[in-house]
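Have a look at the structure below before the remarks.
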Amino acid sequence: MFDFLEGYDLLGAFWVTVKLTALSAVGSLIWGTLLAGMRVGPVPVMRGFGTAYVNIVRNIPLTIIIVFTSLGLNQTMNITLGATDFSAINFRLAVLGLTAYTSAFVCEALRSGINTVPLGQAEAARAIGLSFTQTLRLVILPQAFRSVVGPLTNVLIALTKNTTVASAIGVAEAAYLMKGMIENEAQLLLISAVFAFGFIVLTLPTGLILNWVGKKLAVKR
Amino acid sequence: MTSVLFDTPGPRAKRRNLLYTLLFVVVFAAVAWWVFKALDDKNQLDWVKWKPFFTDSRAWSTYIWPGLENTLKAAAFAMVIALPLGAFFGIARLSDHLSVRLPSSVVIEFFRAIPVLLLMLFANEAYAKFTNVSTEDRPLYAVVTGLVLYNASVLAEVVRAGILALPKGQSEAAYAIGLRKGQTMRSILLPQSVTAMLPAIVSQLVVIVKDTALGGAMLTFSELLASVRPLSAAYGANTIACFTIVACIFVAINFALTTFASWLEKRLRRAKKSTGAVLPAAAVAGSQSAGAEF
Chain U
347 MFDFLEGYDL LGAFWVTVKL TALSAVGSLI WGTLLAGMRV GPVPVMRGFG
397 TAYVNIVRNI PLTIIIVFTS LGLNQTMNIT LGATDFSAIN FRLAVLGLTA
447 YTSAFVCEAL RSGINTVPLG QAEAARAIGL SFTQTLRLVI LPQAFRSVVG
497 PLTNVLIALT KNTTVASAIG VAEAAYLMKG MIENEAQLLL ISAVFAFGFI
547 VLTLPTGLIL NWVGKKLAVK R
Chain G
-5 MTSVLFDTPG PRAKRRNLLY TLLFVVVFAA VAWWVFKALD DKNQLDWVKW
45 KPFFTDSRAW STYIWPGLEN TLKAAAFAMV IALPLGAFFG IARLSDHLSV
95 RLPSSVVIEF FRAIPVLLLM LFANEAYAKF TNVSTEDRPL YAVVTGLVLY
145 NASVLAEVVR AGILALPKGQ SEAAYAIGLR KGQTMRSILL PQSVTAMLPA
195 IVSQLVVIVK DTALGGAMLT FSELLASVRP LSAAYGANTI ACFTIVACIF
245 VAINFALTTF ASWLEKRLRR AKKSTGAVLP AAAVAGSQSA GAEF
């Protein structure tokens, strides 16, 4: 029944999806945290930059960002991100695009988490003479991170699904393989079911486990 | 919020902030200069490459407007079909009968867990294999089908959350005056929850508009993003200029929608007449158990 799978590297394609997700997740967590720090900070120019970045990037389709990394950055500007062969270049470009896009959502999730920390915490931190960076680093962010595990999980799951957009620039991940397979093979329903199942396996346990972790970690108030 | 995390700056803090501002501006200017230089080296800033958008009306009438029209058409179709479907599944998930609740829960969770691109690819191939939709209509059909399947399940959750956000007294009062379950839903709960979930619905429209671009990249659907290639072919490899213009259009539309959504939310919160239950615009992403899309 599943002999149509022969000749196709199904696991390899999903492994690329996982790699895209993991690398972009780490990248956007770092960049998103920096952006959130800028957005709540005391320096007006940085606040403005953070706000502008989030508002612009959130409103551009991810597809445009990803296609732009290939057509614009790579083919027009000859940016290769240190890779030499075609597939490695596109993979890195896709990670770059996904990171740039997802970090806007990480920033917003974090900022809403910072808002859940009671005012008294920040006031107390300021009262004992901590500076802004100390307040943020030692008092606010540790509590904020605990309460945003849930929202960040949603961002991670959306990122997992968004990696399929990388197929638009020829990264050989799951959606790319599926497109090829349904065009060449007859079993449309069966192939689609296999890929749908693959994504459910990737997203459902992540959501359940991390949401459970989030409930455990959240500061009870 | 801004003043909670830090004290009102005194003389030293003001000096420090000024230093940070200067540092940031210098770094930002350096990056901007580097980008400018790189663009200039590749001749992407030549006026010739940008001129068509300002002087040649054909760039707009031949490429951009038709693309934008298709983008908006697909988004409108998807929203109009997904909304009643989502309302149906959302209400079904609130049913007292397990035999109704369970299947609708499964359908909602299934379509929310799958990337919308997979749904579009599937729909495209299914239309090609099992129906006789013409080749030029097929991309639109596939894009709308994919968007409907995904967004109906997201909107179902919005509807469910909107109804659950109403005070319990509303349905209790309705039962007390002898309304049936169906009547309560139809004439008491739904009308009130529609206003409560308007902000969330409008911000879901942003997601739909953004996702139409997938059709352009993967299914030869001739929407706004797909107009970049013929544009840059016609006006001499001005890829960067084309992307800038197209991105600006998307940002303008979506920023207007986002602003409208938060305006609605504020207005509804202020309104005294309603029950005060408002589903925030961000509820679409926030209320989800397994899948969220932005």
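Chains as they are written, first to last, in my numbering: chain U, 347 to 567; chain G, -5 to 288. Quick reminder that beta carbons are idealized off the backbone N, C-alpha and C, glycines included. Note that the structure is a prediction, hence the values are computed from the model and not measured.
Just reading off the alpha helix (DSSP H) that Tyr169(G) is part of, what are its end residues? Lys162 to Ala170
Any C-beta of chain G within less than 8 Å: which residues of the stretch 523 to 538 of chain U qualify? Met524, Lys525, Ile528, Glu529, Leu534 and Ser538
For a test of the three-state rule: what should DSSP assign to Pro274(G), helix, strand or coil? coil
Any beta carbon from chain G within less than 8 Å of Ala521(U)'s own beta carbon? yes
Can you check which of these residues, Lys45(G), Thr233(G) and Met212(G), is closest to Ile515(U) by C-alpha distance? Met212(G)
Test: Gln38(G) CB closer than 8 Å to a CB of chain U: yes
Applying a beta-carbon distance threshold of less than 7 Å, which residues of chain U neighbour Val245(G)? Ile402, Asn405 and Ile406
Rounded Cβ spacing between Gly466(U) and Thr499(U) (contact assumed at less than 8 Å): Actually they are not in contact, since the Cβ atoms of Gly466(U) and Thr499(U) sit about 28 Å apart, beyond 8 Å.
Taking the alpha carbon of Gly358(U) as the point to measure from, which residue in Lys566(U), Ala490(U), Ile555(U) and Phe541(U) has its own alpha carbon closest? Phe541(U)
Taking only three categories from DSSP, how would you classify Ser98(G)? helix
Quick one, are the C-beta atoms of Gly544(U) and Ala520(U) less than 8 Å apart? yes
If the cut is a Cβ gap below 8 Å, which residues of chain U does Val240(G) touch? Ile410
For a contact meaning CB atoms closer than 8 Å, what does Val(-2)(G) contact in chain U? Leu465, Ala468 and Glu469
Please report the distance separating the alpha-carbon of Leu556(U) from that of Leu550(U). 10 Å
Beta-carbon proximity check, Ala570(U) vs Tyr399(U), cutoff 8 Å: With chain U covering 347 to 567 only, the question about residue 570(U) has no answer from this structure.
Beta-carbon within less than 6 Å of Ala146(G)'s beta-carbon, same chain only, minus the 5 sequence neighbours each way: which residues are those? Ala76, Leu79 and Gly80
Anything in chain U within Cβ reach of Phe18(G), meaning under 8 Å, just list it in chain order. Val389, Val391, Met392 and Phe395
Does the separation of the CB atoms of Ala7(G) and Gly209(G) fall below 8 Å? no
If you drop the 5 nearest sequence neighbours on each side, which residues of the same chain put their C-beta closer than 6 Å to that of Thr(-4)(G)? Note that Thr(-4)(G) scores a pLDDT of 48, beneath 50, so its modelled location is shaky; the value from the coordinates is reported in the next line. So no residue of the chain qualifies.
So with Cβ pairs under 8 Å, would you call Ala120(G) a contact of chain U? yes
Using the Cα positions of Val517(U) and Ile412(U), report the straight-line distance between them to the nearest angstrom. 11 Å
So Thr15(G) and Val391(U) are supposed to be a Cβ contact under 8 Å. How far apart are they, rounded? 5 Å
Quick check: is the beta carbon of Phe373(G) nearer than 8 Å to any beta carbon in chain U? It is not possible to answer for residue 373(G), since the shown part of chain G is limited to -5 through 288.
According to the Cβ coordinates, are Pro446(U) and Val403(U) closer than 8 Å? In the sequence on display, residue 446(U) carries Ala and not Pro. Yes, these two residues count as a Cβ contact at 8 Å.
Going along the chain, which residues of its own chain have a beta-carbon closer than 8 Å to the beta-carbon of Phe105(G), five neighbours each way excluded? Leu113, Leu143, Tyr144, Ala146 and Ser147
Output the distance between the C-alpha atoms of Ser356(G) and Pro274(G), rounded to the nearest integer angstrom. Residue 356(G) lies beyond the stretch modelled for chain G, which goes from -5 to 288, so this question has no answer here.
Suppose the cutoff is 6 Å on Cβ atoms and the five residues either side in sequence are ignored; what does the same chain contact list for Ala235(G) look like? Lys43 and Trp44
Residues of its chain near Pro224(G), where Cβ-Cβ distance is below 8 Å and the 5 sequence neighbours each way are ignored: Tyr57
Taking DSSP as the reference, what is the three-state secondary structure of Gly358(U)? helix
In chain order, which alpha helix (DSSP H) runs of at least 4 residues are fully inside the stretch 116 to 193 of chain G? 132 to 158 and 162 to 170
Residues near Phe254(G) in its chain [Cβ-Cβ closer than 7 Å; skip 5 each side]: Val196
For chain G, check one thing: does any of its Cβ atoms lie closer than 8 Å to the Cβ of Arg472(U)? yes
In whole angstroms, what is the alpha-carbon distance linking Thr206(G) and Thr65(G)? 6 Å
Can you name the residues of chain U whose CB is closer than 7 Å to the CB of Ile234(G)? Gly418 and Thr422
Among Arg95(G), Leu(-1)(G), Pro97(G) and Ala228(G), nearest to Pro464(U) - alpha-carbon criterion: Leu(-1)(G)
Are the C-beta atoms of Ile486(U) and some chain G residue less than 8 Å apart? yes
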